[in-house]
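Here the protein sequences line up with chains A and B, keeping their order. For reference, each letter of the first sequence is one residue, going 0 to 253 in numbering that gives the first Met the number 0. For reference, each letter of the second sequence is one residue, going 0 to 544 in numbering that gives the first Met the number 0. Idealized CB from N, CA, C, for every residue including glycine.
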Amino acid sequence: MPATGSPELLLRLEQVEQFYDRKIRILGPIDLEILDGEFLSLVGPSGCGKSTLLRLVCGVLKPTRGKVLVDGRPLVGVNRSAAMVFQSFALFPRLSVVENVAVGLEARSVGLRERVKKAEKYIDLVGLSGYERAVPKELSRGMKQLVGLARALAVEPELLCMDEPFSALDVLTARNMRDLVLDLWASREVSTKTILLVTHSIEEAAAMSDRVVVLKANPGRVADSLDLRGLARPRRAGSPEVGEVVDRMYTLLA
Amino acid sequence: MAIVVGLVIVVAVGSAQLRRFNAPELDPSPLLLPIYLLRSLARLSVAYAFAVLLALATGHLAARSRFARRLILPTLDVLQSVPILGFFPAAVSVFIGLFGGSALGVEAAAIFLIFTSMFWNLAFGVYESLITLPDDVKLAAQQFGLRGPLRWTRLILPAVVPSLAYNSILSWANGWYFLLASEIIAAGPARYTLPGLGSYLGEAISAGRTDQLLRGLVALVGTVIAMHLLVWSPVETWAERYHMDESGDRPRTPRIARLLARSRIVRGLGRAVVFPAAQQLLGLAGRLLALPGRLGPVFAVSIGLGVVGLAARALKKVVQLFGDRPLSSETLAIPLSLLLSLLRVSAGVALAVALALPLAYLTFRRARVRQAALSVLEVLGAIPATAFFPLILLAMVRFDFGMNVASILLVLTGTFFYVMFNVLSGAASIPKEMNEAAAVLGLRGARYVSRVFVPAILPSLVTGCVTAWGGGWNAIIFSEYVVAGEKTYAVRGIGATLDRATWVSGDSQVMVASLAAMVLLVVLLNRLFWDPLYQHVAARYKMDV
Chain A
0 MPATGSPELL LRLEQVEQFY DRKIRILGPI DLEILDGEFL SLVGPSGCGK
50 STLLRLVCGV LKPTRGKVLV DGRPLVGVNR SAAMVFQSFA LFPRLSVVEN
100 VAVGLEARSV GLRERVKKAE KYIDLVGLSG YERAVPKELS RGMKQLVGLA
150 RALAVEPELL CMDEPFSALD VLTARNMRDL VLDLWASREV STKTILLVTH
200 SIEEAAAMSD RVVVLKANPG RVADSLDLRG LARPRRAGSP EVGEVVDRMY
250 TLLA
Chain B
0 MAIVVGLVIV VAVGSAQLRR FNAPELDPSP LLLPIYLLRS LARLSVAYAF
50 AVLLALATGH LAARSRFARR LILPTLDVLQ SVPILGFFPA AVSVFIGLFG
100 GSALGVEAAA IFLIFTSMFW NLAFGVYESL ITLPDDVKLA AQQFGLRGPL
150 RWTRLILPAV VPSLAYNSIL SWANGWYFLL ASEIIAAGPA RYTLPGLGSY
200 LGEAISAGRT DQLLRGLVAL VGTVIAMHLL VWSPVETWAE RYHMDESGDR
250 PRTPRIARLL ARSRIVRGLG RAVVFPAAQQ LLGLAGRLLA LPGRLGPVFA
300 VSIGLGVVGL AARALKKVVQ LFGDRPLSSE TLAIPLSLLL SLLRVSAGVA
350 LAVALALPLA YLTFRRARVR QAALSVLEVL GAIPATAFFP LILLAMVRFD
400 FGMNVASILL VLTGTFFYVM FNVLSGAASI PKEMNEAAAV LGLRGARYVS
450 RVFVPAILPS LVTGCVTAWG GGWNAIIFSE YVVAGEKTYA VRGIGATLDR
500 ATWVSGDSQV MVASLAAMVL LVVLLNRLFW DPLYQHVAAR YKMDV
């Protein structure tokens, strides 16, 4: 959804650098801004630090140097206004679907009845109605990721972070899920309006995002940033406009 | 909740008298047997509760911090090789001394001793379950803000449930096995005899009262079987829910249990009592265990200081022990005794293999025979080996084959079941196609055994031998020196040396020396022989289906 008026700054990474073992530079220095209401993708080859950036944004990792600012204030601890969807689903293996989806609410001290109600709402939104009592080992990969998506949306975060969420799925399932994510993003039922997607697929970034930040590796740094808001939605993967953007990104990464 | 409270009350009431403990003899009246049984059950339950909580705390700590791991794992490894008698001095001086020789102190000492037979495998099991938690799941827990008690109840405890269930069964089996030793605590010539099933049996053996012995055995076997059917099977079924499909070592649900699970009474009991109790206990444990996390460094430092202090004191005492007087003749005889015991334990393991392999070969292909055999073995294996001791001793007297043979047979009771279960499980997992290929190619008899059967079960066989080896050393303590029917039967060996030092002479120098020698030998052999052997066999013979 294109942002109208002057968008708010949701999150900002300022001169962030990440070192491994104090000597090897993985990332940076990087400046990154995430605007309220935008669908931002981070694209780059393996080793460019995009997953590291995502973890910095979510607050499960602290930058060696630089600042992470949320709503203008430095981030302390885990980012409570963000939620993450994982490449390998990361469902709690011994909890049922509804328990998994409700777990973020449980951590936010939401009462039992309310969190079950909310969990069931999001389970229904992703299309898994009826599977509340199932356990992860009974689900297909696509269904597991749907649970992961519902779990992240259930805490109604301001920012949804997705770490290569479709790369572990087969082509058809991945395509359906991309469409689902875009539908939910546009839907009135879901309050989350800002999405940060990390992907190695340039085509995917071009088809989904308002803005793409292209990263280069060794060490990870921003190569360029492309504004794709001009491309009308819904976008078709084969269309010439999308193809042109894809070509431009490939050139940047050459 | 009610059960836990009830058991605590039983123990508390029984030990409420803080007067000087003064009961060297046990009243053998059969009417008191149910009370003895209940008291033993209470002690076992309390020890088990402590063992579980501490195992969770320790295993979690070792899984979480690399530094802690390097301290904790080797310590656990060494301590688990210490035979229960090695803990007597600690039990006596700390617990009995601390409570001023009162009844409460003796109970605490007994519970501590039972604890030492239950704790180690639980701790290792917890550690292994947590180490294999996928990184991304841990990250998800962190990202969604699961901290403290919630992290325990939603992430950690579900992950350890299968291992806890399996190891609890093992721990209780160990507890019953050592009940005898725990309820008659010796400090030199002094005896502290607690009223309980273990001491009831112990006194029956040493006084040679067969009717008392029989009554006690019936009570013991009956209770063990009842617990197996009424407690452990529901627990196993409940734990199945928490199993990840990929795990290889699943505890099999015994056929009897499966049949009983269909019975409404058992299911009702399970639902009304066992399941809610288990869930409640898990929640409580979660809250308790989150506390050290909050206290964090303070907790770690105080524990560290305490351990260092105790170690320093112990070291000082040991130095005194060997410095103040010359080495006694018994101490000098230890190497030879150790060697003889080593031979006996090895014989016990070898005998177990010799018996188990043919039995496994004969039964593994006929599924119904195998299931029947498994059920029988499950029940027999649940009976503590101490129940077989009197039979073997009686046979020894009848057929006059001397203590050397009898001691090996006694060791066998501690080794056979480990080998048998592992070999049976290994034989049952031979891929069907392999057997079909062998049949088509005409491999039969000896050639089948040597080309297909033995290589296929080799990893399980080695695992069985390793655990049997541990069980054998546990058994050797009670196998080389037995007082039965007012007569003493003994052979030269480290078990006998240790027993004599504990129960007759109270000679600390001999005790410490023999303990150290035994633990050193077991740990060295584990590191230098069994571990490399398992690695080698697993690398060459493990089948990736």
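- Query: Out of curiosity, what's the CA-to-CA distance linking V134/A and V97/A?
  - Reply: The count along the first sequence starts at 1 and reaches residue 134/A at position 135. The count along the first sequence starts at 1 and reaches residue 97/A at position 98. If you take the alpha carbons of V134/A and V97/A, they lie about 9 Å apart.
- Query: Along chain B, in chain order, which residues have C-beta atoms closer than 9 Å to that of G103/A?
  - Reply: Numbered from 1 along the first sequence, position 104 holds the residue referred to as residue 103/A. Those within 9 Å of G103/A in chain B are Q142, F143, G144 and L145.
- Query: Name the chain B residues that come within less than 8 Å of A236/A, Cβ to Cβ?
  - Reply: Translated into positions along the first sequence, residue 236/A becomes position 237. By Cβ distance, chain B contributes nothing, its closest Cβ being about 29 Å from A236/A, past 8 Å.
- Query: Looking at the C-beta of V136/B, does it have a partner C-beta in chain A at a distance below 8 Å?
  - Reply: Translated into positions along the second sequence, residue 136/B becomes position 137. It does; some Cβ of chain A falls within 8 Å.
- Would you mind sorting V69/A into buried or exposed? The rule is 16 or more other CB atoms within 10 Å of its CB. Against the first sequence, residue 69/A aligns to sequence position 70. Buried, by the Cβ-count rule.
- Going by DSSP, what residues sit across from G219/A in a beta bridge? As a working note, residue 219/A is residue 220 in the first sequence. Bridge partners of G219/A: L26/A.
- Just how far apart, CA to CA, sit S101/B and F94/B? Counting from one through the second sequence, the residue named residue 101/B turns up at place 102. Counting from one through the second sequence, the residue named residue 94/B turns up at place 95. Going from the Cα of S101/B to the Cα of F94/B covers about 10 Å.
- Message: When you compare the stretch 33-46 of chain B with the stretch 191-199 of chain B, are there three or more beta-carbon pairs, one atom per stretch, that lie closer than 8 Å?
- Response: yes
- Distance, M207/A Cα to L179/A Cα: The sequence position of residue 179/A within the first sequence is 180, counting from 1. The sequence position of residue 207/A within the first sequence is 208, counting from 1. Using only the alpha carbons, I get a separation of about 11 Å.
- Message: Is there a C-beta anywhere in chain A that falls below 8 Å from the one on V193/B?
- Response: The residue you call residue 193/B lines up with position 194 of the second sequence. Before going on, a small fix: residue 193/B reads as Leu here, not Val. Cβ-Cβ to chain A under 8 Å: no for L193/B.
- Query: If you count every other CB in all the chains shown that lies within 10 Å of the CB of T250/A, and 16 or more means buried, which is it?
  - Reply: Walking along the first sequence from the start, residue 250/A turns up at place 251. The residue is exposed, with fewer than 16 neighbouring Cβ atoms inside 10 Å.
- Just how far apart, CA to CA, sit V220/B and H227/B? Here residue 220/B refers to the residue found at position 221 when the second sequence is read from its first residue. Here residue 227/B refers to the residue found at position 228 when the second sequence is read from its first residue. One C-alpha to the other measures close to 10 Å.
- Contacts around L520/B, its chain only, beta-carbon distance under 8 Å, and the 5 residues preceding and following it disregarded: In the second sequence, the residue the question calls residue 520/B occupies position 521. Around L520/B: L337 and L341.
- Kindly list the residues whose CB is nearer than 7 Å to the CB of S128/A, restricted to its own chain and excluding five residues on each side of it in sequence; keep chain order. Here residue 128/A refers to the residue found at position 129 of the first sequence. Within the same chain, S128/A has close Cβ partners I122.
- Coil, strand or helix - Q508/B by DSSP: Residue mapping note: residue 508/B aligns to position 509 of the second sequence, counting from 1. Here Q508/B sits in helix by DSSP.
- N217/A: buried (16+ other C-beta within 10 angstroms of its C-beta) or exposed? Counting from one through the first sequence, the residue named residue 217/A turns up at place 218. Exposed: under 16 other Cβ atoms inside 10 Å.
- How about L52/A and L26/A: are their beta carbons less than 8 Å apart? In the first sequence, the residue the question calls residue 52/A occupies position 53. In the first sequence, the residue the question calls residue 26/A occupies position 27. Yes. Within cutoff.
- Message: With a threshold of 8 Å between beta carbons, is F85/A in contact with chain E?
- Response: Given the protein chain composition of this structure (A and B), no chain E is represented.
- Task: Please name the residue in A372/B, V461/B, A455/B and R312/B whose C-alpha comes closest to that of A351/B.
- Result: Counting from 1 along the second sequence, the entry for residue 351/B is found at position 352. Comparing Cα-Cα distances from A351/B to each of A372/B, V461/B, A455/B and R312/B, the minimum goes to V461/B.
- P148/B classed as buried or exposed, judged by whether at least 16 other C-beta atoms fall within 10 angstroms: Taking the second sequence and counting its residues from 1, one reaches residue 148/B at position 149. Classification of P148/B: buried, given that the 10 Å Cβ count is 16 or more.
- Query: What residue from A118/A, K215/A and A101/A has the CA that sits closest to G43/A's CA?
  - Reply: Residue mapping note: residue 43/A aligns to position 44 of the first sequence, counting from 1. Taking only the C-alpha atoms, the option nearest G43/A is K215/A.
- Message: Let me check one thing: in DSSP terms, what residues is C160/A bridge-paired to?
- Response: By 1-based counting over the first sequence, the position of residue 160/A is 161. DSSP lists M83/A and L195/A as partners of C160/A.
- Per DSSP, T487/B forms a beta bridge with which residues? Taking the second sequence and counting its residues from 1, the one referred to as residue 487/B is at position 488. Partner(s): V482/B.
- Message: Let me see if you follow: with CB-CB separation under 8 Å, is A139/B close to chain A or not?
- Response: Position 140 of the second sequence, counted from the first residue, corresponds to residue 139/B. True, the Cβ-Cβ gap to chain A drops below 8 Å.
- By how many angstroms is the C-alpha of A218/B removed from the C-alpha of P325/B? Residue mapping note: residue 325/B aligns to position 326 of the second sequence, counting from 1. Residue mapping note: residue 218/B aligns to position 219 of the second sequence, counting from 1. Spanning the two alpha carbons is a distance of roughly 48 Å.
- Message: Tell me which residue opens and which closes the beta strand (DSSP E) that E16/A is part of.
- Response: Taking the first sequence and counting its residues from 1, one reaches residue 16/A at position 17. Run containing E16/A: L8 to Y19, per the beta strand (DSSP E) assignment.
- Cβ shell of Y19/A (< 8 Å), same chain only, five flanking positions each side left out: Along the first sequence, one-based indexing puts residue 19/A at 20. Taken in chain order, the residues that qualify are I25.
- Residue environment, F528/B, which counts as buried when at least 16 other CB atoms sit within 10 Å: Position 529 of the second sequence, counted from the start, is the residue given in the question as residue 528/B. So F528/B counts as exposed.
- Message: When you compare the CB positions of L457/B and Y540/B, do they come within less than 8 Å of one another, or not?
- Response: In the second sequence, residue 457/B corresponds to position 458, counting from 1. In the second sequence, residue 540/B corresponds to position 541, counting from 1. Result yes, Cβ atoms of L457/B and Y540/B sit closer than 8 Å.
- Query: Taking Cβ positions, are R177/A and E202/A nearer each other than 8 Å?
  - Reply: Locating residue 177/A in the first sequence gives position 178, counting from the first residue. Locating residue 202/A in the first sequence gives position 203, counting from the first residue. Not a contact, by the Cβ cut-off of 8 Å.
- Item | Residue range of the beta strand (DSSP E) that includes G65/A | Residue numbering aside, residue 65/A sits at position 66 when the first sequence is read from its first letter. Start and end: R64 to V69.
- Query: Is the beta carbon of S459/B less than 8 Å from the beta carbon of V422/B?
  - Reply: Indexing the second sequence from 1 puts residue 459/B at position 460. Indexing the second sequence from 1 puts residue 422/B at position 423. A contact, by the Cβ cut-off of 8 Å.
- Taking 8 Å as the cut-off, decide whether the C-beta atoms of A54/B and A122/B are in contact. Sequence index remark: in the second sequence, residue 54/B carries index 55 (1-based). Sequence index remark: in the second sequence, residue 122/B carries index 123 (1-based). Closer than 8 Å, so yes.
- Task: Can you tell me which of the three DSSP states I429/B falls into?
- Result: Position 430 of the second sequence holds residue 429/B. Three-state DSSP puts I429/B in coil, outside helix and strand.
- D76/B in three-state terms, based on DSSP: Along the second sequence, one-based indexing puts residue 76/B at 77. Correct three-state label for D76/B: helix.
- State buried or exposed for Q340/A, treating a residue as buried only when at least 16 other CB atoms are found within 10 Å of its CB. The requested residue 340/A is not part of the displayed model; chain A covers only 0 to 253.
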